[in-house]
Structures are given as structure tokens and as C-alpha cells.
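*Asks:* Here it is, the structure in full.
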Amino acid sequence: MERIILLCMVSTCVSAVHAQKFLFSPKWGPIGYKAREEAEDGTAMDKIIKANEFQASRVIDGTTTLREGDIAVTSGRRSKVCFARSCLWSKSVDGHVYIAYKLSEDYTDLETKVIKKGMENIEKGTCVRFVPRTHQRDYVDIQPKSGCWSYLGARGGKQTVSLQSPDCLQVGVIAHEFMHALGFVHEQSRFDRDNYVTIMWPNIWRDRLRNFEKFRTESLDLPYDYGSIMHFGKFAYSQDGQPTIIPKNSKDIKLGQASSLSHIDKLKINKLYQCGDTDDY
Ligand SMILES: [Zn+2]
């Protein structure tokens, strides 16, 4: 059965409504923001936000922008909408999904090692395998550009994954960006997220309300994963140090993940790519 996936770029307009509501809020700046980002229990996304907000412009270049904080979107002809299976990497006859990569020569040996650890984190328990590019047409070009970001899903041809040194060179951050390249959006962007978390709109840095939009996603019959490497932390884009995402029912649940894919993240990959159980890998 052909699975309709994941990623329509059709998002709801919830945040637009809220943007209006808080347009004249006096609390507009990222007050207390930096202190929170430096907390030790930060998630992979906290590190990404820190790198991207303080060192990279939101606009990467004239035609490419970041949405949701770290997903690159190019306007114009190549801004294809990812839907159905159109943005999946192809699967080999041996059952693996091989992702060819090219690593910038600007990385040191040590940095290269960390990036490979990020790849291994994705590979362990999934059918994905990263292979150095030889002749493959489709591949990820890993570059220390400004900030940590990736395109969503396979775009065809060369696609950049930016891992700036040193801020993005942490296993969790690297794995998070590769998850985007595999076709996954942030966990709290799931269409059904309002059943599981409450978005605290008044606490969000006003300019970043759009980062909390929902996507029309396919949940792959997997439970909402509070501990996903793709989940924003509780204080993501907080303007005043107050939480921006609160789990429903139990406030003690930790959101996000610092350095490794969750078990469900791995199941997600295998389900999306129809690879069977983690035990097989
Ligand atoms: Zn992300």
C-alpha cells in the first residue's frame, strides 16, 4: 500500500492569527533568551537555535530562507512541495537506503569524526547508510556554512547540509539535520500535536511565531514522541524565559533530546522507508 507521507508544505494559519494578536505586545524581544539557551540540559534544537539566531542570518541568501528555524526553503522553481513519496531517497535492492555524501575539505579530522558519529547515530537500528559519494547523482554536500540547517527530504541532485564549526558539530545536532534531509519535520509540527502539547503563544519571541506552525503530516501510526531528537525544547524561542511548549497531562515530561535519536525516531525512519523492524539492522 502506497503510504501518503509526511510532508505537505501546507501549513495551518494558526500562527498568523496569533501574530496579529501579539503584534503590539510590549514583550517583543528575546529577553532572557540567551541564558536559557545555555542551560546544560538543552536539546539538539536549542543548540541549533543558538547557532542560527546568533551567528547566521535568517535569510541564507537571496532566494533561500530558513523556516521553523533550520529547514532551508528555496523560492522559485526548485521549491518543490514534498508530498507523497516524492521526497524520499531511493531504496536499494538490498533493502538499505544509501545516502551519498560529500564532506567539505574545510573540516579537520576531528570534525570529520564527529560528523561521522552523527551519521552512525542515524544508521544504528535503521536501514539508512551514509556512503562517500563516488558517482551518485543525488547527494548531500556537507558544508561549514553559516548555521545548522538542511533542506527537507531528497531534492534531487546536490543538496547542502550546513554544519558550521564548532556550534553545529555535535552528534545530536548533526543527526537532527540529517533527519530533515531524510524528510522529517519537527515533532511538534505534527498535525495532531495539539492533543499532546500546549503552545504558549504569548511566551514566544514575536518574530518567531511562525516556527510553531503545524504541517499536514502523516504520523506513520507512531505515537507522539516527546523525546524525539526533532522536538523543540520546552523553552524554544522563549522571549521572557517562560516555557513556550508545555506537555499536556504531565508537566514533568522532558521535551526533545540532546544527543541521540529516540527509539521512535528510528522506527519513524524504518516506517517511512518501509524497512521493517529495527531488529533487522
Ligand atoms: Zn530542525
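Taken in order, the sequence shown gives residues -19 to -1, 1 to 262; the numbers are from mature numbering (1 follows the signal peptide of the UniProt record, and there is no 0). Heads up, the beta-carbon is just placed ideally off N, CA and C, and yes, glycines get one too.
Using a 10 Å radius around the Cβ and a threshold of 16 neighbouring Cβ atoms, would you call V74 buried or exposed?
*Replies:* exposed
*Asks:* Using a threshold of 8 Å, state whether the C-beta atoms of K229 and T179 are closer than that.
*Replies:* yes
*Asks:* Does the beta-carbon of R118 have 16 or more other beta-carbons within 10 angstroms, so that it is buried, or is it exposed?
*Replies:* exposed
*Asks:* Give the straight-line distance between the Cα atoms of L84 and I123, rounded to the nearest whole angstrom.
*Replies:* 5 Å
*Asks:* Exposed or buried, which one is T115 when buried takes at least 16 other CB atoms within 10 Å?
*Replies:* exposed
*Asks:* Should F35 go down as buried or exposed, given a rule of 16 or more other Cβ atoms within 10 Å for buried?
*Replies:* exposed
*Asks:* Are there three or more Cβ pairs, one per stretch, closer than 8 Å when the segment 148 to 168 is compared with the segment 231 to 251?
*Replies:* yes
*Asks:* Taking the alpha helix (DSSP H) that I250 falls in, what are its first and last residues?
*Replies:* Secondary structure note for I250: its alpha helix (DSSP H) is the uninterrupted segment H244 to L253.
*Asks:* Following a CB-centred definition, is I80 positioned closer than 7 Å to any heavy atom of ligand 1?
*Replies:* no
*Asks:* Please report how far the alpha carbon of D90 lies from the alpha carbon of W130, in whole angstroms.
*Replies:* 22 Å
*Asks:* Helix, strand or coil for K97, going by three-state DSSP, please let me know.
*Replies:* Correct three-state label for K97: helix.
*Asks:* Any heavy atom of ligand 2 inside 7 Å of the beta-carbon of H116?
*Replies:* No copy of ligand 2 appears in this structure; the ligands present are ligand 1.
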